[in-house]
Amino acid sequence: MTTVEQRTGLVGQGVDRVDGPLKVTGAARYPNDFSYPDLAYAALVRSTVAAGRISRLDTAAALASPGVLAVITHQNAPRLERAPDSGLTAPPPPLQDDRITFHGQYVAVVVADSAEEATAAARRVEAEYEPAEPILDMGDPRAEWITDPWGTDSSRGDLKGALASAEVRFEATYTTAANSNSPMGLFSTVAVWDGDDLTIHDSTQWPSYLRKAIAQVFSLPEGNVRVLCPYVGGAFGAGLRAWPHIMLAALAARTVGRPVKLVLTRPEMFTGVGHRTASEQCVKLGATRDGRLVALAHESTTPLQIEGTQFEPCTAGSASAYACPNVITRDRQVRLNIPWCNFMRAPGEAQGNFALESAMDELAYELGMDPLELRLRNYSEDNPRLELPWSSKSLRECYEVGAERFGWSRRSPEPGSMRDGDSLIGYGVAGVSFFWYQEPCEARATLRKDGTAVVRSAVTDIGTGTYTVMTQLSAECLGLDMAHVTFELGDSDLPAGAAAGGSGLTAAVGSAVQAACRNLVRAFLDTVRDDPTSPLQGCTIDEVSVGGGRIHRIDAPESGEAYADILAAHGIGELSADGSSTPNDPKVAGMAPSGAFAARFVEVRVDPDLGLMQVARVVSVVDAGRILNEKTATSQIMGGTVGGIGMAMLEEIVTDPGTGRVANATFGDYLIPVNADIPDMEVAFVGRPDRFNSVGVKGVGEIGLVGIGAAIANAVHHATGRRVRSLPITIEQLF
Amino acid sequence: MRVTVTVNGEERIADDVWEGESLLYVLRERLGLPGAKNACEQGECGSCTVYLDGVPVCACLVAAGQAESRTVVTVEGLASDEGLHPVQQAFVECGAVQCGFCTPGLIVQTHALLAASEGVPSDLEIREALAGNLCRCTGYEKILDAVRQAAGRADG
Numbered sequence: 001m002t003t004v005e006q007r008t009g010l011v012g013q014g015v016d017r018v019d020g021p022l023k024v025t026g027a028a029r030y031p032n033d034f035s036y037p038d039l040a041y042a043a044l045v046r047s048t049v050a051a052g053r054i055s056r057l058d059t060a061a062a063l064a065s066p067g068v069l070a071v072i073t074h075q076n077a078p079r080l081e082r083a084p085d086s087g088l089t090a091p092p093p094p095l096q097d098d099r100i101t102f103h104g105q106y107v108a109v110v111v112a113d114s115a116e117e118a119t120a121a122a123r124r125v126e127a128e129y130e131p132a133e134p135i136l137d138m139g140d141p142r143a144e145w146i147t148d149p150w151g152t153d154s155s156r157g158d159l160k161g162a163l164a165s166a167e168v169r170f171e172a173t174y175t176t177a178a179n180s181n182s183p184m185g186l187f188s189t190v191a192v193w194d195g196d197d198l199t200i201h202d203s204t205q206w207p208s209y210l211r212k213a214i215a216q217v218f219s220l221p222e223g224n225v226r227v228l229c230p231y232v233g234g235a236f237g238a239g240l241r242a243w244p245h246i247m248l249a250a251l252a253a254r255t256v257g258r259p260v261k262l263v264l265t266r267p268e269m270f271t272g273v274g275h276r277t278a279s280e281q282c283v284k285l286g287a288t289r290d291g292r293l294v295a296l297a298h299e300s301t302t303p304l305q306i307e308g309t310q311f312e313p314c315t316a317g318s319a320s321a322y323a324c325p326n327v328i329t330r331d332r333q334v335r336l337n338i339p340w341c342n343f344m345r346a347p348g349e350a351q352g353n354f355a356l357e358s359a360m361d362e363l364a365y366e367l368g369m370d371p372l373e374l375r376l377r378n379y380s381e382d383n384p385r386l387e388l389p390w391s392s393k394s395l396r397e398c399y400e401v402g403a404e405r406f407g408w409s410r411r412s413p414e415p416g417s418m419r420d421g422d423s424l425i426g427y428g429v430a431g432v433s434f435f436w437y438q439e440p441c442e443a444r445a446t447l448r449k450d451g452t453a454v455v456r457s458a459v460t461d462i463g464t465g466t467y468t469v470m471t472q473l474s475a476e477c478l479g480l481d482m483a484h485v486t487f488e489l490g491d492s493d494l495p496a497g498a499a500a501g502g503s504g505l506t507a508a509v510g511s512a513v514q515a516a517c518r519n520l521v522r523a524f525l526d527t528v529r530d531d532p533t534s535p536l537q538g539c540t541i542d543e544v545s546v547g548g549g550r551i552h553r554i555d556a557p558e559s560g561e562a563y564a565d566i567l568a569a570h571g572i573g574e575l576s577a578d579g580s581s582t583p584n585d586p587k588v589a590g591m592a593p594s595g596a597f598a599a600r601f602v603e604v605r606v607d608p609d610l611g612l613m614q615v616a617r618v619v620s621v622v623d624a625g626r627i628l629n630e631k632t633a634t635s636q637i638m639g640g641t642v643g644g645i646g647m648a649m650l651e652e653i654v655t656d657p658g659t660g661r662v663a664n665a666t667f668g669d670y671l672i673p674v675n676a677d678i679p680d681m682e683v684a685f686v687g688r689p690d691r692f693n694s695v696g697v698k699g700v701g702e703i704g705l706v707g708i709g710a711a712i713a714n715a716v717h718h719a720t721g722r723r724v725r726s727l728p729i730t731i732e733q734l735f
Numbered sequence: 001m002r003v004t005v006t007v008n009g010e011e012r013i014a015d016d017v018w019e020g021e022s023l024l025y026v027l028r029e030r031l032g033l034p035g036a037k038n039a040c041e042q043g044e045c046g047s048c049t050v051y052l053d054g055v056p057v058c059a060c061l062v063a064a065g066q067a068e069s070r071t072v073v074t075v076e077g078l079a080s081d082e083g084l085h086p087v088q089q090a091f092v093e094c095g096a097v098q099c100g101f102c103t104p105g106l107i108v109q110t111h112a113l114l115a116a117s118e119g120v121p122s123d124l125e126i127r128e129a130l131a132g133n134l135c136r137c138t139g140y141e142k143i144l145d146a147v148r149q150a151a152g153r154a155d156g
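Here you go:
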């Protein structure tokens, strides 16, 4: 079993972000903040049909425009190779043929001396199409269906029999709209060639993969490519793919022989870097009169780009959310002529949880039971799918602490029975059992002769706090003050890093950092092994501890030696060590890896005369294992909560049903929560360090968004008696 | 055209500016001041907020020529030799920063709110003042904490 390294000290404290001062002064450099001498700018031309072929492309007017250096189309683009799979098929390289598979696909890139000139010239590219009838609706009989796309469907017991004989049955269909990641930072690429060496500044969440992808697309040795992303202006999953615009920036730079900057426009962010799929889900529940689940079926259908891939299991979480003997979960995808679907904060889970936790609420009303009690009555003490104990689970405590803080006992069961003046008050609850995910990761720790350390890994900090928590962790592992430790990331030349995705980065890079730091201490012990003047002579790693910039013997803490003194005594400039982590194997560990758990309690206020609805309060209690930094972790949950409010009440990508054009691709039309939408939010953490990784953490990046949709819908029902099974919940659905 | 503008106390000249260019573009791409951010280019998000003659504006909506012979202060101009401005310090301490992309605009907007407030602003006034600044990471609550703190409110 993995030992949890739980010490008191630096880790856990809500220390300020180490990157904070740079960000508040405007000094943090995001990809599109980089400039080079002789920099040229690129602008994209997108298709205006969703399916068909380009029949004519006239670039003469664009080429004749002021400042234009080149116009690249499928007619003159060189052959590009396909990027390697990252576990998912990479988008095809751009401008390789005349086929169009979605509205907004790139058909040309224009390069000019200034961004304004490139944009102006891009409008002068004349494209004509031989359109085909696009497949835009999941009900279109021409659409290709994929069943069990990832082998995640599950079945246990006898669902049919259990449903047929259940004392109480419930069935309903739920839908969720397509959502846009819409990070504030426009995705940007700056490409700089030096001979066959290519440097790329990009808004990626995964520099180690992006380097591999670019190298393969341009048939370069991997070592020739360097991807830099020390700061990324948010991404929420959008930065996990090697998007075509990245390749176009590099291609443009190679074509004109100058560095090129390509910044997506806000509308291009809606078609060029993925989105959360819409979903249509059916949940069937069977239960005994006293509220024990005997049957649970969850089936989901989500759209998919016609040539794309996407891992988005909406139902997988339902297989292990509750102790129920007879369960079927099924996912299907339908290929459409829509822009690429991709990861967005809590992929699959955000949609799936809405359906399951709404259905549980509806079942509670059928049973005349408190919705919270129904969840506790079906609590899964072990992972029912793997039939193994959880590596940690304090969901019960989440419910109990949350109910207490929220004042759940004040709820009167009857819908529409609680009022405050003119407002109807509704209380809603949802439980969350988030998935577990972790990738391999590497890190390197270096101690320098001045006693300071630098720890490195090619990971990213997309706003999550990786710089800060890894600085804390490194400082703890080496026994240094935080001020004496620097954590470097966002550079593909550093040791290979895991993606900032799946809420798995902190466990992955944290474990690698721990290993690197431990190996570094070993390297110091090796250095003094035969040194008769060192109090650490002959000590093994298990006989020493660290603190105050030195290594000391556990049995005699006064006997020790400072790192800097060891380096000086042995004439060494600096000492480095590598560390790596790989995910544990559940079978070997004998436990089911837990993601984070949470209980979400929501109060809504509805004015029945004006049709106004407001989320008034949200209490979130989260079991995320060991919390490395209370301040950044709380921020993650709050930010996720507001993302969940967006999904529940505002956010919907509207696609024109005739043309497949995204019709609301600006912040004026695609609404995200603003300051005035923010409720009173309370966040608390419960639980113990997780046993599945050596850091003891369970990621907090995504769970904050999950459960909010269901809790709001359940509260709306409690307030109004109206059950809304479709997100976002808009005024027209309420009245 | 040539644009002469005083930025953060220093006279700056940008040459060969196209008439259609925004102040934001000139600041970022011609004057080496990328602090103000470009996130929507149409005045919806507030990420590019700077002072123009003491008034906070979306630099993406100001034509560069409009700034001729005027005074601009960007986020890069708020800290002093003594360190961060109290607004900047509050954002760091309160955890009001995540990815940081909306932060420069929020810092300038908050700076303007507190400079213009006669008393201590209420939550409603703060939310109103920051209504034009979108943030996708923080959920706004910690930003409100930071503004309360910078305003010297007891609950900050």
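Protein chains in written order, with our numbering: chain A, 1 to 735; chain B, 1 to 156. Each residue gets a CB set at the ideal place from its N, CA and C atoms; glycine is no exception. In this text, all values refer to a predicted model and were calculated from it rather than measured experimentally.
Contact between the region 61-78 of chain A and the region 109-126 of chain A: three or more CB pairs below 8 Å?
-> yes
With a cut-off of 7 Å, does the C-beta of A/Leu69 fall near any C-beta of chain B?
-> no
Span separating the alpha-carbon of A/Ala323 from that of A/Phe343 = 29 Å
Is A/Gly12 close to chain B, meaning its C-beta is less than 7 Å from at least one C-beta of that chain?
-> no
Does the beta carbon of A/Gly368 come closer than 7 Å to any beta carbon on chain B?
-> no
Can we say the region 53-64 of chain A touches the region 282-299 of chain A, given the rule of at least three CB pairs closer than 8 Å?
-> no
Put A/Trp436 into one of helix, strand or coil per three-state DSSP.
-> coil
Are the C-beta atoms of B/Gln66 and some chain A residue less than 7 Å apart?
-> no
Could you name the residues of the same chain whose beta carbon sits closer than 7 Å to that of A/Asp607, not counting the 5 residues immediately before and after it, in chain order?
-> Asp422, Ser423
Is the beta carbon of A/Ser433 less than 7 Å from the beta carbon of A/Ala516?
-> no
Tell me whether A/Pro495 is buried or exposed, calling it buried when 16 or more other Cβ atoms sit within 10 Å of its Cβ.
-> buried
Segment limits, alpha helix (DSSP H) that includes B/Ala36 = Here B/Ala36 belongs to no alpha helix (DSSP H), and DSSP marks it neither H nor E.
Can you round the beta-carbon distance between A/Gly104 and A/Val662 to whole angstroms, since I take them to be within the 8 Å contact cut?
-> 7 Å
Name the chain B residues that come within less than 7 Å of A/Leu186, Cβ to Cβ?
-> Asn38, Ala39
How many Å lie between A/Ala253 and A/Leu198 at the Cα?
-> 10 Å
Hey, how far is the Cα of A/Gly26 from the Cα of B/Pro34?
-> 7 Å
For the alpha helix (DSSP H) containing B/Gln89, list its first residue and its last residue.
-> 86-93
Nearest-angstrom Cα distance between A/Pro21 and A/Gly317?
-> 39 Å
Which residues, taken in chain order from the region 130-152 of chain B, show a beta carbon closer than 9 Å to some beta carbon of chain A?
-> Leu130, Ala131, Gly132, Asn133, Leu134, Cys135, Arg136, Cys137, Thr138, Gly139, Tyr140, Glu141, Lys142, Ile143, Leu144
Could you tell me the distance, in whole angstroms, from the CA atom of A/Leu248 to the CA atom of A/Ser594?
-> 40 Å
Per DSSP, what kind of secondary structure is A/Thr25 in: helix, strand or coil?
-> coil
With 16 other CB atoms within 10 Å as the buried threshold, where does A/Pro230 fall?
-> buried
Does the distance from the CB of A/Ser511 to the CB of A/Val695 come in under 7 Å?
-> yes
Contact set between A/Ser182 and chain E, taken where Cβ atoms lie within less than 8 Å | In summary, chain E is missing from the structure at hand, where the protein chains are A and B.
In chain B, which residues lie less than 9 Å from A/Asn179 when you measure between Cβ atoms?
-> What A/Asn179 touches in chain B: nothing, since even the nearest Cβ is about 12 Å away.
7 Å Cβ shell around A/Ala143 - same chain, five flanking residues per side excluded = Ile135, Val334, Arg335, Leu336
Taking the continuous alpha helix (DSSP H) assigned at A/His717, which residues delimit it?
-> 708-720
Coil, strand or helix - A/Thr3 by DSSP = Residue confidence is low: A/Thr3 scores 39 on pLDDT, short of 50, so the model does not pin down where it sits. No coordinate-derived value is stated.
For the region 22-34 of chain A, which residues have a CB atom closer than 9 Å to at least one CB atom of chain B, in sequence order?
-> Leu22, Lys23, Val24, Thr25, Gly26, Ala27, Ala28, Arg29, Tyr30, Asn32, Asp33, Phe34
For A/His484, is the classification buried or exposed, using 16 other Cβ atoms within 10 angstroms of its Cβ as the cut-off for buried?
-> buried
Starting from A/Met418, trace the alpha helix (DSSP H) both ways and give me its first and last residue.
-> No alpha helix (DSSP H) contains A/Met418, which DSSP labels as neither H nor E.
Could you tell me the boundaries of the beta strand (DSSP E) in which A/Gly272 lies?
-> Looking at the DSSP string, A/Gly272 is not in any beta strand (DSSP E); the run it does join, the alpha helix (DSSP H), is 266-272.
Take the Cβ of B/Ser47 as the centre, count every other Cβ of all protein chains shown within 10 Å, and call the residue buried at 16 or more, exposed below.
-> buried
For A/Met591, the three-state DSSP class (helix, strand or coil) | coil
Could one say the Cβ of B/Cys102 lies closer than 7 Å to chain A's Cβ atoms, at least one of them?
-> yes
Give a yes or no on whether the minimum CB-CB distance between B/Gln88 and chain A is below 7 Å.
-> yes
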